[in-house]
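Our numbering runs 67 ahead of the 1-based position in the sequence shown. Here's the structure we're looking at; comments come further down.
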Amino acid sequence: MLSGLRLPENRPIGLLKRAPFVRQNVYCMTSYSPALVAYKNAINAMSAKPATDPTSWLAQANIHGTYSPPAGMITDACQHSNLFFLAWHRMYLYYFERIVRKASGDPTFALPYWGYSPTGTRNLPAPFRLPAAASNPLYVSQRLAAINGGGNLNASAVDAGVALAALAFAGFSGSLEGTPHGAVHGSVGGSTGWMSFFETAAQDPIFWLHHCNIDRLWEVWLASGGGRINPTTNTSWMGQPYPFYDENGAQVNLTVSQILDTATQLNYRYAAPACFRIVATRVDATILSTLTRQPPIDPRILAIADTIQKRPPRPGPILLGQEPSAIQLGGRPSEVRLAVSAEAKQVITALPTDPRSGRQLVAVLEDIRLAGGPMVYYEVYLNLPADTADTVYTSPHYIGNLEFFGPSPEGRHREQAKVRNLDLLPVYLRLRQLKRWNDDTIRFTFVPRAFTEGQSAARLLGSRSQASIGRIVVRIE
Ligand code: C2O
């Protein structure tokens, strides 16, 4: 069986220098693969230690968030909705992996990643749900039952296409943090499970594999080129330090500048998602392209977006429209319509044809409040036609998702309302290109999706509301 194979890179080479650890796709593994055996051994060993031991399972989870922080420990430190989201979680994974490696007794251990994809496998990997018993350290009952039952996550919840298409780091990071990151959190946790909330997410063993995939997608984004770079000229970003514990329980610090090259600075890299290595000398180009394909982006859109991004931004956002009254989101699609003034219409029309604009077209969803635990997330569409044939995330009208991963309503941060930014520019340019853009309105359609494929959001929620949005503002920045 291929799944248990060790790549040569996983062996120590000599005494002086070893090749980077390789994080592999968990879908290429079984419960008996060395990495999962080692992970299970480590979870057992780490769970036996008290929360006051920095290398214990709970202490590691508490670094992310906790309801009851032990005094003097690093707790509630996770970075979300800011530029440090990717960097902080990379550091967190790095030390956690070292701690697991030591606790497992396997010096070759590397964390697997959860390689879900919209067109491929997207259920919870079998070793994490079977056997569904306390004897299986990868299984926890604090998940959505349908997910532990092997149900598929929805394709739109795991699709990184919108995030990967973003050219600027901030846009990419923010978008990725929503989908697949937050959408997968909510889908696994459901309304009460651990993965849905900051305070409990990292107690679920799948958390770490999910975050490896998010970390991997950062690498995929950089490798896609087209001007996609880290904000390395931002010195406060580069110099920002965060504290963690190493495998000996000692407190250590890393700064962002120390973690940007995984192979040379942190000694790990990612294996490609496919579960086999291509050994043929001549590979059919079409097979290769289906294995490595990213979501297609029209080159004309890229070219336009490129010119826009390279120009210095003009000062001051332009408000194009807003919907100031609260919007209730429930079990059925809801539509929000913003009137566009003649002036705003002009500004929008000028967007793609003015290469000096340097502008972003953004929708800001403000003051988002959850009514109870998350039971659905919402696909968001721009100017969806009246017939709903296009209500699918591959539609040109699809903007992205509204998901609700965050602090628990029961936690100490409960009053925090969420804000989400949605980048409208790629969708707008696409709709213009397809001659489907009507300048007179900006309409958003929120389409509820249950966390597992084929389940009805309407049936789950009934007449209840899932969340409200205080205000939607559309502006050019
Ligand atoms: Cu800090 Cu996926 O969470």
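All C-beta atoms, glycine included, are put in the ideal place defined by N, C-alpha and C.
Problem set entry | For residue 313, the nearest candidate out of 118, 160, 530, 219 (CA to CA) | 160
Problem set entry | residue 226, buried or exposed, once every other Cβ within 10 Å from all chains shown has been counted against 16 | buried
For this session: Within its chain, find whatever has a CB closer than 7 Å to the CB of residue 507; leave out the 5 residues flanking it on each side and keep chain order.
Result: 407
Problem set entry | Local Cβ density within 10 Å of residue 221, reported as buried at 16 or more and exposed below that | buried
Exercise. Going by the C-beta, is residue 193 closer than 7 Å to any heavy atom of the ligand C2O?
Worked result: no
Exercise. Hey, how far is the Cα of residue 240 from the Cα of residue 523?
Worked result: 30 Å
For this session: Quick one: residues in its chain with C-beta nearer than 6 Å to the C-beta of residue 166, no 5 flanking neighbours on either side, listed in chain order?
Result: 122, 314
Problem set entry | Range of the contiguous alpha helix (DSSP H) that encloses residue 292 | Looking at the DSSP string, residue 292 is not in any alpha helix (DSSP H), and its letter there is neither H nor E.
Problem set entry | Cβ shell of residue 525 (< 8 Å), same chain only, five flanking positions each side left out | 398, 399, 515
Exercise. By the 10 Å Cβ neighbour count, where 16 or more other Cβ atoms means buried, how is residue 211 classified, buried or exposed?
Worked result: buried
For this session: With a threshold of 7 Å, establish whether the CB of residue 268 neighbours any heavy atom of the ligand C2O.
Result: yes
For this session: Following the continuous beta strand (DSSP E) through residue 517, name the residue where it begins and the one where it ends.
Result: 508-517
Exercise. Alpha carbon to alpha carbon, what distance is there between residue 306 and residue 169?
Worked result: 29 Å
Problem set entry | Closest Cα partner of residue 318 within the set 114, 162, 486 | 162
For this session: Can you have a look at residue 189 and say buried or exposed, based on whether 16 or more other CB atoms are within 10 angstroms of its CB?
Result: buried
Exercise. Is residue 278 near the ligand C2O, with its Cβ less than 7 Å from a heavy atom?
Worked result: yes
Problem set entry | Supposed contact pair residue 140 and residue 309 - C-beta distance, whole angstroms, cut 8 Å | 14 Å between Cβ atoms; not a contact.
Problem set entry | Any non-hydrogen atom of the ligand C2O closer than 7 Å to residue 95 Cβ | no
For this session: Report yes or no: do three or more beta-carbon pairs, one from the region 126-134 and one from the region 195-205, lie closer than 8 Å?
Result: no
For this session: Identify which residue in 300, 266, 470, 253 has its Cα closest to the Cα of residue 277.
Result: 253
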